[in-house]
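Undergrad: First to last, the sequence lines map onto chains A and B.
With this note's numbering as the guide, the letters of the first sequence map in order to residues 1 to 310.
With this note's numbering as the guide, the letters of the second sequence map in order to residues 1001 to 1249.
The structure that follows is given in the form of structure tokens.
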Amino acid sequence: MSILVIAEHDNSALNANTLNTLNAAAKIGGDITLLVAGSDAQSVVDEAAAIASVSKVLSANDAALADGLAENIAWLVNGIAANYTHVLAPASNFGKNFLPRVAAMQDVMQVSDIVDVVSADTFVRPIYAGNALVTVKSSDSVKLITVRSTAFDAVEATGGSAAVEELAFGEAFEGVSFVSRDVTVSERPDLATAPIVVSGGRGVGSKEDFAIIEKLAEKMNAAVGASRAAVDAGYAPNDFQVGQTGKVVAPDIYFAIGISGAIQHQAGMRESKVIVAINKDEEAPIFQIATYGIVADLFDVVPELTELLS
Amino acid sequence: MKVLVAVKRVVDYNVRIRVKSDGSGVDTDNVVMSMNPFDENGLEEALRMKQAGVATEIVAVTVGTEQSQDTLRSALAMGADRAILINAEEAPEPLGIAKLLSKVVEQEQPQVVILGKQAIDDDSNQTGQMLAALLNWPQGTFASKAEFEGDSVNLTRETDAGLETIKINLPAIITTDLRLNEPRLPKLPDIMKAKKKPIDMVEAASFGVDLTPRLEVVSVSAPEARKPGVIVANAAELIDKLKNEAGVL
Ligand SMILES: Cc1cc2nc3c(=O)[nH]c(=O)nc-3n(C[C@H](O)[C@H](O)[C@H](O)COP(=O)(O)OP(=O)(O)OC[C@H]3O[C@@H](n4cnc5c(N)ncnc54)[C@H](O)[C@@H]3O)c2cc1C
């Protein structure tokens, strides 16, 4: 087996989800090559080469690869996919964007968002917002797979010294160009990997009051999350959304505050180790999956909790 | 310009689905079905393009059984001009759907194809990107804003880090995120009018596309249930539990 993993990065640092994806590759078993496609991303290439489970790093350096445009990355990966038995990418917006494009070019049916490796051709993935798990066996000669990061532990980031090989890029795809990026700046830890997540929902009521969620998060050194309703109402930016269409998280503690617990929200947090629900409606579905629940007004409980943690 | 909008009939998002006890799949008998929510956003966007004078004709297309006519009728009631049903008894995989849609694109020659970023049944998030690859068109996925300007579109996408804007030339594929717009609810007269709008029915087999599944479903199971939790009285008790019972603080 020879596996190609596509690294996610921002040209300066490797995204942690690459380490989880590498673990899924290790479970499949075989020789692992890590592709860093970027522009002046030498620090990422260095990081990639230091990962113990990686036997070779491919480095493609081109201005057309700077911004993760799916058309260009797909072209690059398509050119080498046939050299491998498996091609894996994180099931992040980055991976979801380009890998299906490669799949169609390869005439392969991608296996999306796997949460388990049964064997080299059989994988488990959630469907219906995680309310069912399907085990599928792929008959394609190259298997294209996106990996749910929270379902696989990260591999060691160090301990290796893989050889680095240059991979030439061709022509940039005509008809697509990068314009701008509006990145949410937050002092809080990354939502996808933080051990504690404090999420607020519609019950918080306003953008101003969302500060009480942020205060608790700050006290706990936690990441801030939100329900779709809270994002839609403008209390929090879109990249804070947890759920079927937002991020999937699995921290040690997940606080759902003023969140009812719709299936679409649960899809993004039900694998958390401990779930704490604070909601004034004792019938709220979130209590069905909460480890600890408090039935009360969040404007009483959250400030008290923040205070007691000082 | 002509806009093609792909729609899918799925189990309604409010339904809590049940896995069949023999592990063969999900029980969809007597379950409320509706249009995939993301596809409603796609159609709404096309309707707004028409209102703004950007689009001239909106064609809704689906791949499914005859029952998918319901979904096409909903699309027509929302305002699509006509609809195409590609009849397939066994639901093809996203790759097969993308191939069928690419044939429809050859026939219909739209400038834009809008699809939902994912269908809420199998959550694959693939078809739009695959269709873009088959047509060798640019793609604007997970769109929360689309501004048409001549023969290109400035498209804002939701990413894991925030938002990003790309410019793609037409013809192009767009896949929708839920924040792209607020889909309209069809009014009764529109629903009546929709009954007279045409639905073309074509057999999937007639396109000469190989739809053999590549993924064999080995089994379908329910996720492990979470252990029932407890209600605690207040913040102090919560902290105690987190520290001394769960050991996570
Ligand atoms: C296709 C699709 C995809 C979706 N994807 C997602 C997704 O990714 N993520 C997501 O979150 N949602 C998603 N949704 C939306 C989801 O269905 C729910 O609408 C949403 O999660 C509700 O958010 P909420 O719990 O904040 O709001 P609500 O359901 O309105 O709940 C608010 C809660 O706050 C409580 N509350 C109010 N005031 C107080 C107070 N003072 N003190 C304590 N409690 C209070 C109420 O009792 C209530 O339970 C999706 C929906 C669809 C159709």
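Quick reminder that beta carbons are idealized off the backbone N, C-alpha and C, glycines included.
Would you please verify whether the beta carbon of residue 1177 of chain B is less than 9 Å from any beta carbon of chain A?
TA: What you label residue 1177 of chain B is simply residue 177 of the second sequence in a count that begins at 1. Chain A contact via Cβ: present.
Undergrad: Are the CB atoms of residue 278 of chain A and residue 262 of chain A within a distance shorter than 9 Å?
TA: By 1-based counting over the first sequence, the position of residue 262 of chain A is 262. By 1-based counting over the first sequence, the position of residue 278 of chain A is 278. No; because the gap between Cβ atoms is not below 9 Å, this pair is not in contact.
Undergrad: Counting only the same chain and skipping the five closest in sequence on each side, list residues whose C-beta sits under 7 Å from that of residue 70 of chain A.
TA: The residue given as residue 70 of chain A occupies position 70 in the first sequence. Once the five neighbours on either side are set aside, the close Cβ partners of residue 70 of chain A are 97, 98 and 101.
Undergrad: So with CB distances below 7 Å, who are the chain A contacts of residue 1124 of chain B?
TA: Translated into the one-based positions of the second sequence, residue 1124 of chain B becomes position 124. Within 7 Å Cβ-Cβ: 112.
Undergrad: Roughly how many angstroms separate the alpha carbons of residue 29 of chain A and residue 1237 of chain B, rounded to a whole number?
TA: In the first sequence, the residue the question calls residue 29 of chain A occupies position 29. In the second sequence, the residue the question calls residue 1237 of chain B occupies position 237. Approximately 46 Å, taken between the alpha carbons.
Undergrad: Using a Cβ-Cβ cut-off of 7 Å (strictly less than) and excluding sequence neighbours within five positions of residue 247 of chain A, which residues of its own chain qualify?
TA: Reading the first sequence from its first residue, position 247 is the one you call residue 247 of chain A. Within the same chain, residue 247 of chain A has close Cβ partners 191, 192, 241 and 268.
Undergrad: Is residue 303 of chain A near ligand 1, with its Cβ less than 8 Å from a heavy atom?
TA: Looking up residue 303 of chain A in the first sequence gives position 303. Checking the Cβ of residue 303 of chain A against ligand 1 gives no.
Undergrad: Can you give me the Cβ contacts of residue 1126 of chain B inside the same chain, cut-off strictly under 6 Å, excluding the 5 residues immediately before and after it?
TA: Here residue 1126 of chain B refers to the residue found at position 126 when the second sequence is read from its first residue. Answer for residue 1126 of chain B: 1094, listed in chain order.
Undergrad: Name the chain B residues whose beta carbon is nearer than 7 Å to that of residue 289 of chain A?
TA: The residue given as residue 289 of chain A occupies position 289 in the first sequence. By Cβ distance, chain B contributes 1226.
Undergrad: Quickly, what does DSSP pair residue 1120 of chain B with across the bridge? List them, please.
TA: On the second sequence, position 120 is the one that residue 1120 of chain B refers to. None, per the DSSP bridge assignment.
Undergrad: Indicate whether at least one CB of chain B lies closer than 9 Å to the CB of residue 189 of chain A.
TA: For the purposes of this step, residue 189 of chain A is taken as the residue at position 189 of the first sequence. Residue 189 of chain A does not count as touching chain B.
Undergrad: Can you check which of these residues, B:1175, B:1104, B:1143 and B:1122, is closest to residue 135 of chain A by C-alpha distance?
TA: Numbered from its first residue, the first sequence carries residue 135 of chain A at position 135. When each option's Cα is compared against that of residue 135 of chain A, the closest is B:1122.
Undergrad: Cβ of residue 257 of chain A versus every heavy atom of ligand 1: is any distance shorter than 8 Å?
TA: Within the first sequence, residue 257 of chain A is the residue found at index 257, counting from 1. Yes, ligand 1 has a heavy atom inside 8 Å of this Cβ.
Undergrad: Using a Cβ cut-off of 8 Å, which residues of the region 166-187 of chain A contact any Cβ in chain B, in chain order?
TA: From the region 166-187 of chain A, only 173, 174, 175, 176, 177, 178, 179, 180, 181, 182, 183 and 184 have a Cβ closer than 8 Å to chain B.
Undergrad: Going along chain A in order, which residues have a C-beta closer than 7 Å to the C-beta of residue 1142 of chain B?
TA: For the purposes of this step, residue 1142 of chain B is taken as residue 142 along the second sequence, with counting starting at 1. Going along chain A in sequence order, the residues near residue 1142 of chain B (Cβ under 7 Å) are 93.
Undergrad: Hey, does residue 1003 of chain B have any beta-carbon neighbour from chain A nearer than 9 Å?
TA: On the second sequence, residue 1003 of chain B is found 3 positions in, with the first residue counted as 1. False, the Cβ-Cβ gap to chain A never drops below 9 Å.
Undergrad: Starting from the C-beta of residue 238 of chain A, find all residues in its chain whose C-beta is less than 6 Å away, skip the five residues before and the five after it, and write them out in chain order.
TA: The count along the first sequence starts at 1 and reaches residue 238 of chain A at position 238. Taken in chain order, the residues that qualify are 231.
Undergrad: Using alpha carbons as the reference points, say which of B:1113, B:1020, B:1008 and B:1240 lies closest to residue 1075 of chain B.
TA: For the purposes of this step, residue 1075 of chain B is identified with residue 75 of the second sequence, where counting begins at 1. Among B:1113, B:1020, B:1008 and B:1240, the Cα nearest to that of residue 1075 of chain B belongs to B:1008.
Undergrad: Name, please, each residue of chain B whose Cβ falls closer than 7 Å to the Cβ of residue 215 of chain A.
TA: Locating residue 215 of chain A in the first sequence gives position 215, counting from the first residue. Here the premise fails: no neighbours, minimum Cβ distance about 14 Å.
Undergrad: Out of A:281, A:235, A:59 and A:285, which has the shortest C-alpha to C-alpha gap to residue 204 of chain A?
TA: Residue numbering aside, residue 204 of chain A sits at position 204 when the first sequence is read from its first letter. Out of A:281, A:235, A:59 and A:285, A:235 has the C-alpha closest to the C-alpha of residue 204 of chain A.
Undergrad: Does ligand 1 have even one heavy atom less than 8 Å from the beta-carbon of residue 240 of chain A?
TA: Locating residue 240 of chain A in the first sequence gives position 240, counting from the first residue. No, Cβ of residue 240 of chain A sits at least 8 Å from all heavy atoms of ligand 1.
Undergrad: Out of A:138, A:110 and A:133, which one is the CA nearest neighbour of residue 121 of chain A?
TA: In the first sequence, the residue the question calls residue 121 of chain A occupies position 121. Residue A:138 is the option with its Cα nearest to residue 121 of chain A.
Undergrad: Which value, in whole angstroms, describes the spacing of the CA atoms of residue 1142 of chain B and residue 67 of chain A?
TA: Along the second sequence, read from residue 1 onward, the residue named residue 1142 of chain B stands at position 142. Along the first sequence, read from residue 1 onward, the residue named residue 67 of chain A stands at position 67. About 16 Å.
Undergrad: Closer than 9 Å, CB to CB, is residue 101 of chain A near chain B or not?
TA: Mapped onto the first sequence, residue 101 of chain A falls at position 101. Yes, residue 101 of chain A lies at the interface with chain B (some Cβ there is under 9 Å from its Cβ).
Undergrad: Given residue 31 of chain A, which residues of its chain have a CB within under 6 Å of its CB, disregarding the five upstream and five downstream residues?
TA: Here residue 31 of chain A refers to the residue found at position 31 of the first sequence. 2 and 55.
Undergrad: I'd like to confirm the pairing. Which residues does DSSP put opposite residue 1139 of chain B in its beta bridges?
TA: Reading the second sequence from its first residue, position 139 is the one you call residue 1139 of chain B. B:1173.
Undergrad: Beta-carbon separation of residue 77 of chain A and residue 24 of chain A under 9 Å?
TA: Position 77 of the first sequence holds residue 77 of chain A. Position 24 of the first sequence holds residue 24 of chain A. Contact flag unset, no.
Undergrad: When burial is assigned at 16 or more other CB atoms within 10 Å of the CB, is residue 1066 of chain B buried or exposed?
TA: Taking the second sequence and counting its residues from 1, the one referred to as residue 1066 of chain B is at position 66. It is exposed - the Cβ of residue 1066 of chain B has fewer than 16 other Cβ atoms within 10 Å.
Undergrad: Quick one: what's residue 146 of chain A bridged to in DSSP?
TA: Counting from one through the first sequence, the residue named residue 146 of chain A turns up at place 146. Note: residue 146 of chain A sits in a beta bridge opposite A:89.
Undergrad: On the CB-based measure, 16 or more other CB atoms within 10 Å of its CB, does residue 1064 of chain B come out buried or exposed?
TA: Counted from its first residue, the second sequence places residue 1064 of chain B at position 64. With 16 or more Cβ atoms within 10 Å of its Cβ, residue 1064 of chain B is classed as buried.
Undergrad: Work out the CA separation of residue 1224 of chain B and residue 112 of chain A for me, nearest whole Å.
TA: The residue you call residue 112 of chain A lines up with position 112 of the first sequence. The residue you call residue 1224 of chain B lines up with position 224 of the second sequence. The alpha-carbon atoms of residue 112 of chain A and residue 1224 of chain B are separated by roughly 20 Å.
Undergrad: Is the beta carbon of residue 1180 of chain B less than 9 Å from the beta carbon of residue 1044 of chain B?
TA: Walking along the second sequence from the start, residue 1180 of chain B turns up at place 180. Walking along the second sequence from the start, residue 1044 of chain B turns up at place 44. Cβ atoms of residue 1180 of chain B and residue 1044 of chain B: closer than 9 Å.
Undergrad: Kindly say whether residue 1219 of chain B, judged by its beta-carbon, lies nearer than 9 Å to any beta-carbon of chain A.
TA: Along the second sequence, read from residue 1 onward, the residue named residue 1219 of chain B stands at position 219. Closer than 9 Å to some Cβ of chain A, the Cβ of residue 1219 of chain B qualifies, so yes.
Undergrad: Excluding the five sequence neighbours on either side, which residues of its own chain have a C-beta within less than 6 Å of the C-beta of residue 6 of chain A, listed in chain order?
TA: For the purposes of this step, residue 6 of chain A is taken as the residue at position 6 of the first sequence. Around residue 6 of chain A: 35 and 89.
Undergrad: Of the residues B:1153, B:1128, B:1084 and B:1098, which one's Cα is nearest the Cα of residue 1108 of chain B?
TA: As a working note, residue 1108 of chain B is residue 108 in the second sequence. With distances taken between Cα atoms, residue 1108 of chain B lies closest to B:1084.
Undergrad: Who are residue 35 of chain A's beta bridge partners in DSSP?
TA: Here the question's residue 35 of chain A lines up with position 35 in the first sequence. Paired residue(s): A:6 and A:58.
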